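Note that the sequence shown covers residues 0 to 181 in numbering that gives the first Met the number 0. The C-beta atom is built at its ideal place from N, Cα and C for all residues, glycine as well. Note that the structure is predicted; figures quoted are calculated from it, not measured.
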Amino acid sequence: MGSTCECGRRHRGLGRGALGVSVVALVVAMSGSAIAATGGTFILGRSNTATATTILSNTAGTPLSLKAKSGRAPLAVNSSVLVPKLNADLLDGLHSGAFLRSKATAANASKLGGQTLGQVKSGLKITPQQLATLRWDKDPTKPGTFATGAGTGPAGIGFDGAHMWVTNYSTGTVSVFNLNGT
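Structure below.
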């Protein structure tokens with residue numbers, strides 16, 4: 000059994016009937032392949048170019064399913080432009096607008112350094128209202144008294160994280176306050 004080739008020898012292999020069946024099977028298997036926008040065949044595993052948009056459709060289900068190895072992106076693009084109706088900006092099911100940008104400050108933040116605003120305020124001798132009205136010289140723990148002499152006409156303030164300098168317009172002096180309140 001076999002066929003004779005050009006070399007004149009007899010080789011064992013597929014007969015003409017088996018070869019014909021194989022070709023028909025290949026054509027049937029390839030009938031589900033995609034057609035490129037140019038009208039040519041869309042070749043998997045190769046770069047394909049088109050002059051028009053290529054559309055995938057499947058009336059029986061999902062037209063495109065991408066499966067990647069673990070740790071690999073299933074899709075790569077060459078643009079940072081957002082695609083309309085592509086919900087890729089969800090993180091744990093939340094829209095990106097639900098998150099604060101890394102350099103932004105929340106106007107309604109309820110926690111500051113792990114403490115509530117009330118806890119932060121309770122540790123201050125000077126209230127935010129006093130700072131806002133340039134009355135940081137009044138000690139709220141001793142109503143009617145003043146801490147070290149900032150004077151009666153504070154005009155400016157400087158702060159480096161450990162010390163606060165207060166300029167007094169009335170007396171032309173500068174008072175220094177330490178972080179510990181002295």
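Residue i versus residue j: straight-line alpha-carbon distance, rounded
i, j, result
"Met29", "Leu90", "Caution applies to Met29, whose pLDDT of 48 falls short of 50 and renders its modelled position unreliable; the value that the coordinates give is listed next. Distance between the alpha carbons of Met29 and Leu90: 39 Å."
"Gly173", "Trp164", "Checking the sequence shown, residue 173 turns out to be Val, not Gly. Their backbone Cα atoms lie some 6 Å apart in a straight line."
"Val80", "Ala51", "19 Å"
"Ser78", "Gly157", "47 Å"
"Leu43", "Arg71", "19 Å"
"Val175", "Gly96", "44 Å"
"Ser101", "Leu93", "17 Å"
Bounding residues of the beta strand (DSSP E) (the contiguous stretch that carries residue i)
i, result
"Val165", "His162 to Asn167"
"Thr172", "Thr172 to Asn177"
Whole-angstrom C-beta distance between residue j and residue i, which should lie under 8 Å
i, j, result
"Leu55", "Leu65", "Actually they are not in contact, since the Cβ atoms of Leu55 and Leu65 sit about 11 Å apart, beyond 8 Å."
"Ala154", "Thr166", "5 Å"
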